[in-house]
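Protein sequence lines, in the order shown, are assigned to chains V and G.
For the first sequence, this note's numbering gives the first residue as 91, with consecutive numbering after it.
For the second sequence, this note's numbering gives the first residue as 850, with consecutive numbering after it.
Just so it is clear, CB atoms sit at the ideal spot from N, CA and C, and this is done for glycine as well.
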Amino acid sequence: MHDKTLAELARGLAAGDFSSRELTSSLLERIKRHDPALNSFITVTGEQAIKEAEAADALRHKGEAGILSGLPLAYKDIFCTEGVRTSAGSKMLDNFIAPYNATVVEKLRHAGTVSLGKTNMDEFAMGSSNENSYYGPVKNPWNPTLVPGGSSGGSAAAVAAGLVPAALGTDTGGSIRQPAAFCGITGLKPTYGRVSRYGMIAYASSLDQAGPMARTAEDCAMLMNAMAGHDARDSTSVSRNVPDYTQGLDKPLNGLKIGLPVEYFGEGLAPEVETAVREAVRVYESLGAQVIDVSLPHTSMAIPAYYVIAPAEASANLSRYDGVRFGYRCEDPVDLEDLYKRTRAEGFGDEVKRRILIGTHTLSEGFFDAYYRKAQQIRRLIRQDFLDAFARVDVLMGPAAPTTAFELGSRADPVQMYLQDIYTIAINLAGIPGISVPAGLVDNRPVGLQILGPHFGEAHLLNVAHVYQQATDWHQRRPEIKE
Amino acid sequence: MQWEVVIGLEVHVQLSTCSKIFSGASTAFGAEPNTQACGIDLGLPGTLPVLNENAVAMAVRFGLAINAEIPEYSVFERKNYFYPDLPKGYQTSQMAHPVVGRGEVDITLGDGTVKTVRIHHAHLEEDAGKSLHEDYSGMTGIDLNRAGTPLLEIVSEPDMHSAEEASAYIRAIHAIVTYLGISDGNMAEGSMRCDVNVSLRPKGQEKLGTRAEIKNVNSFRFVERAIAYEIERQSEILEEGGVVVQETRLYNPDLDETRSMRTKEEANDYRYFPCPDLLPLMLDEAYVEHQRSLLPELPSEKRQRFVDALGLSTYDADVLTGSRPLAEYFEAVQQHCGDAKLAANWVQGDLLGRLNRDGLDITESPVSAEQLGGLLMRLADDTINGKAAKQVFADLWECKGETADEIIDARGLKQVTDTGAIESLCDQVITDNPVQVTQYREATEDKRGKMIGFFVGQVMKASRGTANPPQVNAMLKEKLDALL
């Protein structure tokens, strides 16, 4: 059962081939057996999952089951889940039990899904390798010496290893698409504002976006149907009709205009990744698409702009972790100053501290104009680059990451690590949607093809990804896991 | 040297919305600590702010009341600092693009002159919680009930030059916000607090002197006293050739002095930047016009109407429009008794005097406008005389009756105007006082006028105060003169 897609499992449940309880307990068994080697979960909620599965089965007996009823999934530990620890991968929130559900959790629960638990992540979603988690690094199921990518690395690894058919991730600068690419699964970052951020622990509010991670575009579409939509509790969520993402997945791609940004195929791109991506584009040509070279001239400024804006927002978003009301508090503070300093020194990891310091610096008097204001100007230029490109083409394609998954501990220099997100970050700055689909294997390491679309174009992206997955089998490749 | 005082004020007005500016939690005053703070107010991870539309509407109406520009576009920003009663580690406020732009407020001074104070801007922000130091030895308690309460911060230009002007300005702001109904203006409960900036400069100099900021002054009186103290302190320093340090000071009402809280060197860098959780606020013309249509009669308009239509003096009109509840009270009394001057005299004299003595606000008056109006009606139609009216008022204050008529009946205070009854009383008094009658007859013409008072007093006494004094006077004069 663990090899099946969400759509196949939905059909199995509907046909009565197995119950949600059977499916859930078999996956819980699998987690118990394999996760100690992977470390993809922070918290497994077995008992609760069984109860939810039984409730879903009961509903099905009454004929009231929906399409997602009884389907198991997992949440990145950044989504608040009522009564369950929600740590954001940080010692700071190791003892934090959320008193409410994030809006997406609420929506997926309402749709009848079963939560198996909370997946591992880089602390406060800061990282590209999942090595920044307080709970230790996640191992890539394709090879345990490799990183799974970050920061939604736990979700990506759990899906790739067949511990769960789908999981939720968040993407602030590529944190859904890059780990999806490294683990050989499909991950969608929707348009900013399409999915509510309420109850999602904030890293950089103007960039954070929740999205589905699964084996196929079709599965992502099923999840998006439940996740997307306006939320009155999130002022930045957009009030706009939600299409049925599972409709139109098979639409033929005749005449599809694909733009290849020249900036995404330059220096720094591993040749074998380029080869795989170009091969994927050729598949599209064979399906009737037309390929055009385009330019996104401000691409080189995306990483510098991101590393001003995201840390600036993070420095404010993370101020609430002060040891006063919840979360970690240092032992025996002598006074208020000591309480703040030691709580934050002991509770946060290095990368989080680094970004808080950067953000505090760039916002401070005398630097604001040179950094923050300038970065916001660049952000507008980057957004305009995409608008100009989408005036000429329907979608853009390129690699999701410059390399395949790298060895644990191999990127000690933070700036080297930041370059991992060179092809994903601009998308967050512009607020447009992007999807990564498996498009090859190099030395048994997955390669991700990234497809980008205009704002609210995720239905089309899913169609473009799905048709490719009908024509290829990269998404069906599985890492070898010793049973 | 001659010094000129320059004063600017930042007034924080707590808006009387039912719920907080970014959450649905209640804003009611006086609840048990931490019972009116939801996850958003506590800054729990994952929570997001949603702007309270009513707070925006109130701010816009304030802007319209002071003839301010209402920009189409305003932005909420985060003001970053650490404090245990600031849950998120930042206060959501407005800096670069506030909701209310430049405007102006007229103030009336003691000598009746009217002066215009310019308003730099007014912006919306959330309040912080409260740190409780009493009852916690060596520890601090935190009450977050107030966290997220909507505040309108009104920033004046440094246009005031005396404690009196500053005090008149705050009273004017107080009147406007209470008229608009956007705040209860209760300074004791912290609904209105202000930061006062005071500096001195040699008379005639353009450049401003170094200022001290006195934080969180919470009564009209304290504002005046804090400024007076600060003028004294700074002029002493300057006279001795010293330099005033730019700093934040606190006013201590018990000692009637200000003391340094922190100097500028220790001041925070607040690192303002636009709050990414809140979209810019866009207000179109139709919205602003709709808010304009909701404006009530404002203090300045009411003052003018009291003078023009009711014939009150500017002084009376000014006092009676000092707050909306007072003005409404007066208008109700006036409508009841039909005599504006009489109503004005009684409200300002007997009523406010009594309220003052008992430390009560007009809204807490034991005598309602209807009750006072009923009393004045009886005074105006000669049912009772002025002396009886004072008694009736005292009884109404002590809650000895629901209406003036009830008290008049119960105590038999109805004025006797029956000529026959008055005549017999007069005859009786003349008969009973032969010595005084003789003195009257022997007195010169100009002294008789004064002497008649004795007889009037006797008649009033005999009537237990109910006889109509002018009638008694006339009757006695006629009878005594007949004896000449």
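Straight-line gap, Ala294 (chain V) to Tyr396 (chain V) (C-alpha atoms, nearest Å): Looking up residue 294 (chain V) in the first sequence gives position 204. Looking up residue 396 (chain V) in the first sequence gives position 306. The alpha-carbon atoms of Ala294 (chain V) and Tyr396 (chain V) are separated by roughly 10 Å.
- prompt: Among all the DSSP beta bridges, which residues are the ones paired with Gln467 (chain V)?
  reply: Along the first sequence, one-based indexing puts residue 467 (chain V) at 377. Per DSSP, none; premise fails for Gln467 (chain V).
query: In three-state DSSP terms, what is His970 (chain G)?
result: By 1-based counting over the second sequence, the position of residue 970 (chain G) is 121. Secondary structure of His970 (chain G) (DSSP, three-state): strand.
Under 7 Å by beta carbon: chain V residues contacting Pro1125 (chain G): Start at 1 with the first residue of the second sequence, and residue 1125 (chain G) comes out as number 276. Simply Ser295, Ser296 and Glu403.
Cutoff 8 Å: Cys170 (chain V) Cβ touching any chain G Cβ: Numbered from its first residue, the first sequence carries residue 170 (chain V) at position 80. It does: the Cβ of Cys170 (chain V) has a partner Cβ on chain G nearer than 8 Å.
field: Per-residue DSSP class, three states only, for Lys1263 (chain G)
entry: For the purposes of this step, residue 1263 (chain G) is identified with residue 414 of the second sequence, where counting begins at 1. DSSP places Lys1263 (chain G) in coil when its eight states are reduced to three.
task: Determine, using beta carbons only, whether Pro882 (chain G) comes closer than 8 Å to chain V.
output: Reading the second sequence from its first residue, position 33 is the one you call residue 882 (chain G). Pro882 (chain G) has a beta carbon lying at 8 Å or more from every beta carbon in chain V.
- prompt: Taking just the CA atoms, how far does Gln1140 (chain G) sit from Val1098 (chain G)?
  reply: By one-based count along the second sequence, residue 1098 (chain G) stands at place 249. By one-based count along the second sequence, residue 1140 (chain G) stands at place 291. The question names Val, yet the displayed sequence has Arg at residue 1098 (chain G). For the pair Arg1098 (chain G) and Gln1140 (chain G), the Cα-to-Cα distance works out to about 38 Å.
- request: Grab me the residues of Phe1122 (chain G)'s own chain with a C-beta within less than 8 Å of its C-beta, minus the 5 sequence neighbours each way, in chain order.
  value: The residue given as residue 1122 (chain G) occupies position 273 in the second sequence. So the qualifying residues of the chain are Glu926 and Arg927.
- prompt: Since Asp1118 (chain G) meets chain V, which of its residues come closer than 7 Å, beta carbon to beta carbon?
  reply: Taking the first residue of the second sequence as 1, we reach residue 1118 (chain G) at position 269. Ser454 and Glu455, listed in chain order.
- prompt: What is the rounded straight-line gap between the Cα of Trp852 (chain G) and the Cα of Val1004 (chain G)?
  reply: Locating residue 852 (chain G) in the second sequence gives position 3, counting from the first residue. Locating residue 1004 (chain G) in the second sequence gives position 155, counting from the first residue. Those two C-alpha atoms are separated by around 24 Å.
message: Quick test of the definition: if touching needs 3 or more C-beta pairs under 8 Å, does the region 469-489 of chain V touch the region 342-349 of chain V?
response: Here the region 469-489 of chain V lies against the region 342-349 of chain V, with 3 or more beta-carbon pairs under 8 Å apart.
field: Against chain V: residues of the region 965-989 of chain G by CB proximity under 7 Å
entry: Taking a C-beta cut-off of 7 Å against chain V, none of the residues of the region 965-989 of chain G qualify.
query: Quick one: complete alpha helix (DSSP H) runs, 4+ long, within the region 1108-1146 of chain G?
result: As far as the region 1108-1146 of chain G is concerned, its whole alpha helix (DSSP H) runs of at least 4 residues are 1134-1142.
query: Near His124 (chain V), which residues of its chain fall below 7 Å by C-beta distance, leaving aside the five closest residues on each side in sequence?
result: On the first sequence, residue 124 (chain V) is found 34 positions in, with the first residue counted as 1. Within the same chain, His124 (chain V) has close Cβ partners Ala251, Leu253 and Ile571.
- request: Just the C-alpha distance for Tyr1018 (chain G) and Arg1042 (chain G), rounded to the nearest angstrom, thanks.
  value: The residue labelled residue 1018 (chain G) in the question sits at position 169 within the second sequence. The residue labelled residue 1042 (chain G) in the question sits at position 193 within the second sequence. So the two alpha carbons sit approximately 13 Å from each other.
field: Proximal residues to Gly879 (chain G) (C-beta, below 6 Å), its chain only, five neighbours per side dropped
entry: As a working mapping, residue 879 (chain G) is identified with position 30 in the second sequence. None.
- request: Give me the Cα-Cα distance between Val249 (chain V) and Ser454 (chain V), rounded to the nearest whole angstrom.
  value: Here residue 249 (chain V) corresponds to residue number 159 of the first sequence, with the count starting at 1. Here residue 454 (chain V) corresponds to residue number 364 of the first sequence, with the count starting at 1. In this structure, the alpha-carbon of Val249 (chain V) lies about 42 Å from that of Ser454 (chain V).
field: Spatially closest choice to Ala155 (chain V) from V:Ile168, V:Val505, V:Thr135 and V:Ala105, by CA coordinates
entry: One-based indexing of the first sequence puts residue 155 (chain V) at position 65. Of V:Ile168, V:Val505, V:Thr135 and V:Ala105, the residue nearest in Cα terms is V:Ala105.
- request: List the endpoints of the continuous alpha helix (DSSP H) containing Asn1322 (chain G).
  value: Along the second sequence, read from residue 1 onward, the residue named residue 1322 (chain G) stands at position 473. That run of the alpha helix (DSSP H) goes Pro1318 to Ala1331.
Interface residues of chain V facing Ile991 (chain G) [CB-CB closer than 9 Å]: As a first step, residue 991 (chain G) must be located in the second sequence, where it is residue number 142. Within 9 Å Cβ-Cβ: Val414 and Arg415.
message: Less than 8 Å between the beta carbons of Pro528 (chain V) and Glu548 (chain V), yes or no?
response: Position 438 of the first sequence, counting from 1, holds the residue named residue 528 (chain V). Position 458 of the first sequence, counting from 1, holds the residue named residue 548 (chain V). No, these two residues do not count as a Cβ contact at 8 Å.
task: Answer with yes or no whether the minimum CB distance from Arg175 (chain V) to chain G is below 8 Å.
output: Here residue 175 (chain V) corresponds to residue number 85 of the first sequence, with the count starting at 1. With respect to chain G, the C-beta atom of Arg175 (chain V) has no partner C-beta closer than 8 Å.
- prompt: So is Pro394 (chain V) in contact with chain G if we call contact Cβ pairs under 8 Å?
  reply: Position 304 of the first sequence holds residue 394 (chain V). Chain G places no beta carbon closer than 8 Å to that of Pro394 (chain V), leaving this residue out of the contacts.
task: Using the Cα positions of Glu172 (chain V) and Glu196 (chain V), report the straight-line distance between them to the nearest angstrom.
output: Stepping through the first sequence from its first residue, residue 172 (chain V) is reached at position 82. Stepping through the first sequence from its first residue, residue 196 (chain V) is reached at position 106. So the two alpha carbons sit approximately 10 Å from each other.
Ile1080 (chain G), DSSP secondary structure in three states: Translated into positions along the second sequence, residue 1080 (chain G) becomes position 231. Shown here, Ile1080 (chain G) sits in a helix according to DSSP, grouped into three states.
task: Could you round the C-beta distance between Ile157 (chain V) and Arg111 (chain V) to whole angstroms and report it? I think they count as a contact, below 8 Å.
output: Your numbering for residue 157 (chain V) matches position 67 in the first sequence. Your numbering for residue 111 (chain V) matches position 21 in the first sequence. Not a contact, Cβ separation roughly 18 Å.
8 Å Cβ cutoff met for Leu471 (chain V) and Ala307 (chain V): To locate residue 471 (chain V), count along the first sequence from 1; it is residue 381. To locate residue 307 (chain V), count along the first sequence from 1; it is residue 217. The Cβ-Cβ distance between Leu471 (chain V) and Ala307 (chain V) does not fall below 8 Å.
- request: Check whether the Cβ of Phe1122 (chain G) lies closer than 8 Å to any Cβ atom in chain V.
  value: For the purposes of this step, residue 1122 (chain G) is taken as the residue at position 273 of the second sequence. Chain V, which has a Cβ nearer than 8 Å to the Cβ of Phe1122 (chain G), makes this yes.
message: Could you tell me which whole beta strand (DSSP E) segments of length 3 or greater appear in the region 259-284 of chain V?
response: Taking only runs of at least 3 residues, the beta strand (DSSP E) segments lying wholly in the region 259-284 of chain V are 276-279.
- request: Express the C-alpha separation of Ile915 (chain G) and Leu1143 (chain G) in angstroms, rounding to a whole number.
  value: For this step, residue 1143 (chain G) is matched to residue 294 along the second sequence. For this step, residue 915 (chain G) is matched to residue 66 along the second sequence. Straight through space, the alpha carbons of Ile915 (chain G) and Leu1143 (chain G) are spaced by roughly 15 Å.
task: Tell me, to the nearest whole angstrom, how far the beta carbon of Phe871 (chain G) is from that of Pro898 (chain G); I am working on the premise that it is less than 8 Å.
output: Position 22 of the second sequence, counted from the first residue, corresponds to residue 871 (chain G). Position 49 of the second sequence, counted from the first residue, corresponds to residue 898 (chain G). Phe871 (chain G) to Pro898 (chain G), Cβ: 3 Å. Contact.
query: Can you tell which of V:Arg535, V:Ser526 and V:Glu375 has the C-alpha that lies nearest to the C-alpha of Ala561 (chain V)?
result: Reading the first sequence from its first residue, position 471 is the one you call residue 561 (chain V). Sorting V:Arg535, V:Ser526 and V:Glu375 by C-alpha distance to the C-alpha of Ala561 (chain V) places V:Glu375 at the top.
Three-state secondary structure (DSSP) of Cys170 (chain V): On the first sequence, position 80 is the one that residue 170 (chain V) refers to. The three-state reading of DSSP puts Cys170 (chain V) in coil, since its state is none of H, G, I, E or B.
task: Go ahead and pull the three-state DSSP assignment for Ile541 (chain V).
output: Looking up residue 541 (chain V) in the first sequence gives position 451. DSSP, reduced to helix, strand and coil, places Ile541 (chain V) within a strand of the structure shown.
- prompt: Checking contacts by CB at 8 Å: is Thr260 (chain V) closer than that to chain G?
  reply: If you number the first sequence from 1, residue 260 (chain V) lands on position 170. No - not a single Cβ of chain G is within 8 Å of the one on Thr260 (chain V).
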